[in-house]
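Sequential numbering of the sequence shown, starting at 50, is according to my numbering.
Here a beta-carbon is modelled for each residue, glycine too, at the ideal position from N, C-alpha and C.
Accompanying notes for the structure given below.
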Amino acid sequence: MAEVRSDRDPATDVYLTGTVFLDIIFTGLDSAPVRGTESWARGMGSSPGGVANMATALSRLGLRTSLAAAFGDDMYGEYCWDALSRGEGIDLAPSRTVPGWHSPVTVSMAYEGERTMVSHGHEAPPPEEPAPLCPPPARACVSLLEPGKREEWLGHAARRGSRIFADVGWDDSGRWDPDDLADLEHCEAFLPNAEEAMRYTRTDCPRAAARALADKVPLAVVTLGSEGAYAADGRTGETAEVPAIAVEALDPTGAGDVFVAGFVTGTLADWPLADRLAFAGLTAALSVQEFGGSLSAPGWVEIAAWWQHVKSYDDQDPAALRRYAFLDGILPAAARPWPLVRAVPTIGFRRQ
Numbered sequence: 050m051a052e053v054r055s056d057r058d059p060a061t062d063v064y065l066t067g068t069v070f071l072d073i074i075f076t077g078l079d080s081a082p083v084r085g086t087e088s089w090a091r092g093m094g095s096s097p098g099g100v101a102n103m104a105t106a107l108s109r110l111g112l113r114t115s116l117a118a119a120f121g122d123d124m125y126g127e128y129c130w131d132a133l134s135r136g137e138g139i140d141l142a143p144s145r146t147v148p149g150w151h152s153p154v155t156v157s158m159a160y161e162g163e164r165t166m167v168s169h170g171h172e173a174p175p176p177e178e179p180a181p182l183c184p185p186p187a188r189a190c191v192s193l194l195e196p197g198k199r200e201e202w203l204g205h206a207a208r209r210g211s212r213i214f215a216d217v218g219w220d221d222s223g224r225w226d227p228d229d230l231a232d233l234e235h236c237e238a239f240l241p242n243a244e245e246a247m248r249y250t251r252t253d254c255p256r257a258a259a260r261a262l263a264d265k266v267p268l269a270v271v272t273l274g275s276e277g278a279y280a281a282d283g284r285t286g287e288t289a290e291v292p293a294i295a296v297e298a299l300d301p302t303g304a305g306d307v308f309v310a311g312f313v314t315g316t317l318a319d320w321p322l323a324d325r326l327a328f329a330g331l332t333a334a335l336s337v338q339e340f341g342g343s344l345s346a347p348g349w350v351e352i353a354a355w356w357q358h359v360k361s362y363d364d365q366d367p368a369a370l371r372r373y374a375f376l377d378g379i380l381p382a383a384a385r386p387w388p389l390v391r392a393v394p395t396i397g398f399r400r401q
């Protein structure tokens, strides 16, 4: 990223805001839990979750990341703050600690290539002083759109020159009305999954959905699960599709967030559209081989190790691998002297 930054750029590459959860992940379940029985998982991990998934993925890819979130003053909140700030180098200056508020928690159970989640939490009390309408200057901002709700800060950030990337959650109302996503007018890219894209566009094909969304936002990117991803550029008419990388998935938690982080990285680095799609899909694929959402995100060393491996072993489709030849020109030569932090079964241990 240093090669594409200029002295005129803001100190922050990416700003994002949202809810931080403590994630507790169970893996190694042979099937879904059965009512009235006790299930034992062969693996367990704990890590910061929610918006922390994307913040960590961005930071591990070398982007200077700033996060605005509320943290409880309980041990869960202390752990999440320390893991993100000291562990991942994320700027938490816009964040706050809320006395007497307990951290939201998500329990995720991974089985049969999917996961089921149960969450608990309460909305954080409002800050004593209202949050500023305009966030700190940043090259990009990432937001999760909520149907029917406008976020004023997005418009301010866009007018200030930030490039806005948006994902969207499931529409519990069942309306799936594109007019409910008014903040798309501020966005450079919109990255829903196939089901969400088809419901918002009333289409039965995710590729057709992406092309329809490109009439509303400059760049529409639709994730296709095991098929990869498809993108349509409404400004140029360019489309691109990249197949998924074959991996053995341990835990898919946070893979969508890691995909967005990879795509934002490639966009800020001015890569071609197909390269951005491929890189985003690769980072997501590498993340599902580890526990948890945030601490499963790969860094450049892990990406380089994967590339060296697949060039040496015949365990991937050769045609698909040619799509990743661009990595030879961007992977760093220097190796990190210590491994990335990964999710661990407990957060109770104290550093000596």
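My guess is that A246 and L262 are in contact by the Cβ rule of under 8 Å, so how many angstroms apart are they, rounded?
The residue you call residue 246 lines up with position 197 of the sequence shown. The residue you call residue 262 lines up with position 213 of the sequence shown. So it is a contact: roughly 6 Å between Cβ atoms.
Quick check on DSSP: helix, strand or coil for Y249?
Here residue 249 corresponds to residue number 200 of the sequence shown, with the count starting at 1. Helix, per DSSP.
Along the chain, where does the beta strand (DSSP E) that runs through V291 open and close?
The residue given as residue 291 occupies position 242 in the sequence shown. T288 to V291 is the extent of the beta strand (DSSP E) around V291.
State whether the segment 122-138 contacts the segment 351-370, with contact taken as three or more CB pairs (one from each stretch) at a distance under 8 Å.
Contact between the segment 122-138 and the segment 351-370 is absent, because fewer than three Cβ pairs lie under 8 Å.
Tell me which residues share the same chain as D140 and place their Cβ nearer than 6 Å to its Cβ, disregarding the 5 neighbours each side in the sequence.
For the purposes of this step, residue 140 is identified with residue 91 of the sequence shown, where counting begins at 1. Counting only Cβ-Cβ distances below 6 Å, and skipping sequence neighbours, we find S115.
Just to confirm the assignment, what range does the alpha helix (DSSP H) spanning S361 have?
Start at 1 with the first residue of the sequence shown, and residue 361 comes out as number 312. From DSSP, the alpha helix (DSSP H) with S361 extends over W349 to S361.
Is it right to say A117 is buried, meaning 16 or more other beta carbons lie within 10 angstroms of its own, or is it exposed?
Position 68 of the sequence shown, counted from the first residue, corresponds to residue 117. By the neighbour-count rule (16 or more Cβ atoms within 10 Å), A117 is buried.
Tell me the DSSP bridge mates of F312?
As a first step, residue 312 must be located in the sequence shown, where it is residue number 263. Paired residue(s): none; F312 is not in a bridge.
At what residue ranges does the segment 50-94 contain a whole run of the beta strand (DSSP E), taking only runs of 3 or more?
Complete beta strand (DSSP E) runs here, min 3: 61-66 and 69-76.
Considering only the beta carbon of each residue, do S192 and F70 sit closer than 9 Å?
Position 143 of the sequence shown, counting from 1, holds the residue named residue 192. Position 21 of the sequence shown, counting from 1, holds the residue named residue 70. Cβ distance not < 9 Å, so S192 and F70 don't count as in contact.
Is the shortest distance between the beta-carbon of L141 and the beta-carbons of chain B less than 9 Å?
Among the protein chains of the structure shown there is no chain B, as only one such chain exists.
For the beta strand (DSSP E) containing D282, name the first residue and the last one.
As a position in the sequence shown, residue 282 is number 233, starting the count at 1. Where D282 is concerned, the enclosing beta strand (DSSP E) stretches over A278 to D282.
Per the DSSP calculation, T165 is bridged to which residue(s)?
Here the question's residue 165 lines up with position 116 in the sequence shown. Partner(s): M158.
On a CA-only basis, which of D221, R199, E244 and R260 is nearest H4? Give me that one, please.
Only positions 50 to 401 of the chain appear in this structure, which leaves residue 4 out of reach.
Taking the DSSP output, what are the residues bridged to R145?
Counted from its first residue, the sequence shown places residue 145 at position 96. A119.
To the nearest angstrom, report how far apart T66 and C190 are at their CA atoms.
Along the sequence shown, read from residue 1 onward, the residue named residue 66 stands at position 17. Along the sequence shown, read from residue 1 onward, the residue named residue 190 stands at position 141. Taking the straight line joining both Cα atoms gives about 9 Å.
Please list, in chain order, all residues of the same chain as S53 whose beta carbon is under 8 Å from its beta carbon, the five residues on each side excluded.
Position 4 of the sequence shown, counted from the start, is the residue given in the question as residue 53. The displayed chain sequence assigns Val, not Ser, to residue 53. L317, A318 and D319, listed in sequence order.
Looking at the strands, I want to know which residues DSSP matches up with D140.
Position 91 of the sequence shown, counted from the start, is the residue given in the question as residue 140. In DSSP, D140 forms a bridge with S115.
Return the chain-ordered list of same chain residues with a C-beta closer than 7 Å to the C-beta of S88, the five sequence neighbours on each side being excluded.
For this step, residue 88 is matched to residue 39 along the sequence shown. Contacts found: L78 and P82.
Per DSSP, what are the beta-bridge partners of P97 in this structure?
Counting from one through the sequence shown, the residue named residue 97 turns up at place 48. Paired residue(s): L71.
Please report the Cβ distance between D300 and R164, rounded to the nearest whole angstrom; I am assuming they are in contact, meaning their Cβ atoms lie under 8 Å.
Locating residue 300 in the sequence shown gives position 251, counting from the first residue. Locating residue 164 in the sequence shown gives position 115, counting from the first residue. Right, their Cβ atoms sit about 7 Å apart.
Which partner residues does V271 have in the DSSP bridge list?
Here residue 271 refers to the residue found at position 222 of the sequence shown. Looking at the DSSP assignment, V271 forms a beta bridge with Y279.
Can you round the beta-carbon distance between L203 and D232 to whole angstroms, since I take them to be within the 8 Å contact cut?
Your numbering for residue 203 matches position 154 in the sequence shown. Your numbering for residue 232 matches position 183 in the sequence shown. At roughly 5 Å, the Cβ-Cβ gap stays under 8 Å, so L203 and D232 are in contact.
With respect to the alpha helix (DSSP H) encompassing F328, which residues constitute its N-terminal and C-terminal limits?
Here residue 328 corresponds to residue number 279 of the sequence shown, with the count starting at 1. L322 to S336 is the span of the alpha helix (DSSP H), which, as asked, contains F328.
Taking the beta carbon of S95 as the centre, do at least 16 other beta carbons fall within 10 Å, making it buried, or is it exposed?
Translated into positions along the sequence shown, residue 95 becomes position 46. Classification of S95: buried, given that the 10 Å Cβ count is 16 or more.
For V296, which of D220, A334, A280 and D306 has the nearest alpha-carbon?
Your numbering for residue 296 matches position 247 in the sequence shown. It is A334 whose Cα lies nearest to the Cα of V296.
Following the continuous alpha helix (DSSP H) through R212, name the residue where it begins and the one where it ends.
As a working mapping, residue 212 is identified with position 163 in the sequence shown. Segment R212 to V217 is the beta strand (DSSP E) holding R212; no alpha helix (DSSP H) there.
Could you spell out where the alpha helix (DSSP H) holding C129 opens and where it closes?
Locating residue 129 in the sequence shown gives position 80, where the first residue counts as 1. Segment M124 to D131, the alpha helix (DSSP H) holding C129.
When DSSP labels each residue in this structure, what does A189 get in the three-state scheme?
In the sequence shown, the residue the question calls residue 189 occupies position 140. Three-state DSSP puts A189 in a strand.
In this structure, what does DSSP give as the bridge partners for A238?
On the sequence shown, position 189 is the one that residue 238 refers to. Note: A238 sits in a beta bridge opposite F214 and L268.
In the DSSP assignment, what are the bridge partners of L380?
In the sequence shown, residue 380 corresponds to position 331, counting from 1. Looking at the DSSP assignment, L380 forms no beta bridge with any residue, so it has no partner.
Flag this pair as yes or no: are the beta carbons of L344 and P97 separated by less than 9 Å?
Here residue 344 corresponds to residue number 295 of the sequence shown, with the count starting at 1. Here residue 97 corresponds to residue number 48 of the sequence shown, with the count starting at 1. Taking 9 Å as the Cβ cut-off, L344 and P97 qualify as a contacting pair.
Since V393 sits in a beta bridge, which residues does DSSP pair it with?
Translated into the one-based positions of the sequence shown, residue 393 becomes position 344. BP columns for V393 point to S95.
Enumerate in chain order the residues of its own chain whose CB-to-CB distance from H171 is below 8 Å, with the five nearest sequence positions on each side excluded.
For this step, residue 171 is matched to residue 122 along the sequence shown. W150, H151 and P153.
Going straight from the alpha carbon of G348 to that of M166, what length do you get?
Taking the sequence shown and counting its residues from 1, one reaches residue 348 at position 299. Taking the sequence shown and counting its residues from 1, one reaches residue 166 at position 117. If you take the alpha carbons of G348 and M166, they lie about 26 Å apart.
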